[in-house]
Amino acid sequence: MENYPFLLVKNTVFDKDDNEVCSYPQWLIVVGEQREELTPKEIYGSYDSRSGLEHFFRFGKQKLLMSSYQTPDMFREGEWWRMTHLALWSSFSERTSSKTLETSFS
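Numbering (my numbering), first residue to last: 6 to 111.
Structure (structure tokens):
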């Protein structure tokens, strides 16, 4: 693999019976001089921790207006940041409890 300046990793998820859970695998690319020293578990762990941060910033900017709120008052800006982080935490913590509720809306 020294011919290529990257390392390509294919992630698939299997159930207990060795059947693929997802129909499409996840492909990760690793670049850098020390790419051969990383294990697949380390590569996925790094991706997993990074994707959580990316989700936070993308959701915060798109839905909570974290990048577009402007005020000359520093106190109000601090309160805005507290409120948006509380809203983000609330929506994140409710995602697990909402999966357990089975409500019919018909």
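The C-beta atom is built at its ideal place from N, Cα and C for all residues, glycine as well.
The beta carbon of MET71 lies closer than 7 Å to those of GLY65, THR89 in the same chain, with the five residues before and after it left out. Assigned with DSSP and collapsed to three states, LEU91 falls in helix. If you draw a straight line from the Cα of GLU42 to the Cα of TYR29, it is about 27 Å long. Under the criterion of beta carbons closer than 8 Å, TRP32 and LYS15 qualify as touching, at roughly 6 Å. With contacts defined as CB atoms closer than 9 Å, VAL26 and VAL18 qualify as a contacting pair.
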